[in-house]
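For the sequence shown, the working numbering gives the first residue as 189, with consecutive numbering after it.
Where is the CB? At the ideal position from N, CA and C, for every residue including glycine.
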Amino acid sequence: MEDPAYAEADRDIAYLHTDTARGVRLQLDYLKAEQLLSDHGIERCIVVFGSTRLREPETARCELAAAQRAAAALPEDAHRVQALHLAEQRLALSCYYEVGRELGRLVGTAGDPHLAVMTGGGPGGMEAANRGAFDVGAYTVGLNITLPHEQYPNPYVTPGLCLQFHYFAMRKLHFMKRAVALVALPGGFGTLDELFGALTLIQTRKVAPLPVVLVGEGYWRKVVDIDFLADVGSIDAEDRELFWYAETATEIWDGICTWHERNGTLLCRRDDKISREADETRGV
């Protein structure tokens, strides 16, 4: 029968995309990711946020050299001058790509197959953290999102754990569901959205406390003046203790480990053999 009304509901693609079926789509967005993460035994995650525009240092150096040549050839061109300025800034921030990559490596060598690095699955800072875990053969998760301008997943996410969401809300839910720490590399609106959404959940006690680390104190103090918010009463003074700043991957990881030890909460169950290898790598 040709009448689309006769089609079984779960086979009626047109119906599944209607406003009426939005609840079903939300449920599917949640359930598929939950099933795949559970199937892989992922219980806890170090969640890393960061800009898609964060460059690997070598890439940033090449882009700067190209921008310098272009600006030198036509110094009166305002667009080329601006491009040169941006290339200089991106090179300055590229050190945080290496911080993210090293953090991923430290998490990956912690010795717990149920602890994974989780990112938004895209390029830049997300790629860096996934790449570090990938380098040492550890599980690495990417929660990608469907966008008008396609965001392709980075190549360092474990096959079977590169997930795509339609709804930002379901993606954020999965960022928080298994998080045992949140790490924010320098980023823009997307990173700010994820960071402040998480801080709000912690502040309002909708989720249990967990460590939040802002990487690059100089960057983050320019982006948001937390002291001002506390000074004018927009947040409580103690809300400034919901996060801390760090500069290196070792500072981040050691801080997260210390936080969990102090609070008596589970970060990782260490496999002795893997842990010894990790300690030797770190010179412990």
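Determine, using beta carbons only, whether residue i and residue j come nearer to each other than 7 Å.
i, j, result
"Gly238", "Gly375", "yes"
"Ala255", "Ala280", "no"
"Ile444", "Ala369", "yes"
"Arg293", "Gly330", "no"
"Tyr194", "Met358", "no"
So, with DSSP's three-state summary, where would you put residue i?
i, result
"Val329", "strand"
"Ala209", "coil"
"Asp467", "Unreliable positioning characterises Asp467 in this predicted model, as indicated by a pLDDT of 43, which lies under 50. The coordinate reading is nonetheless provided below. Three-state DSSP puts Asp467 in a helix."
"Lys461", "Confidence is the limiting factor: at Lys461 the pLDDT is only 46, short of 50, which leaves the residue's position unreliable, though a coordinate-based value still follows. Three-state result, Lys461: helix."
"Val395", "coil"
"Arg373", "Arg is not the amino acid found at residue 373; the sequence shown has Leu there. Note: Leu373 maps to coil in three-state DSSP."
"Leu400", "Inspection of the sequence shows that residue 400 is occupied by Val rather than by Leu. Val400 falls in the strand class under three-state DSSP."
"Ile390", "helix"
"Pro192", "helix"
"Ala357", "helix"
"Ala298", "coil"
"Val287", "helix"
Tell me the residue span of the alpha helix (DSSP H) that contains residue i.
i, result
"Tyr433", "Segment 432-434 is the beta strand (DSSP E) holding Tyr433; no alpha helix (DSSP H) there."
"Leu182", "Past the edges of the chain, shown from 189 to 472, lies residue 182, and the structure says nothing about it."
"Val446", "Looking at the sequence shown, residue 446 is not Val but Thr. Element bounds for Thr446: 437-451."
"Val411", "405-411"
Based on Cα-Cα distance, which residue from the options lies nearest to residue i?
i, options, result
"Leu402", "Glu426, Pro301, Arg232, Ala437", "Ala437"
"Ala396", "Asn451, Glu315, Arg428, Ala253", "Asn451"
"Val324", "Leu349, Arg289, Met306", "Arg289"
"Leu361", "His302, Asp300, Gly385, Leu349", "Gly385"
In terms of residue numbering, what span does the beta strand (DSSP E) encompassing residue i cover?
i, result
"Cys250", "Where Cys250 is concerned, there is no enclosing beta strand (DSSP E), although the alpha helix (DSSP H) it sits in stretches over 245-261."
"Leu351", "350-353"
"Ala304", "303-307"
"Ile234", "232-237"
**Message:** Under 8 Å: do the region 305-312 and the region 332-342 share three or more Cβ pairs, one atom per stretch?
**Reply:** yes
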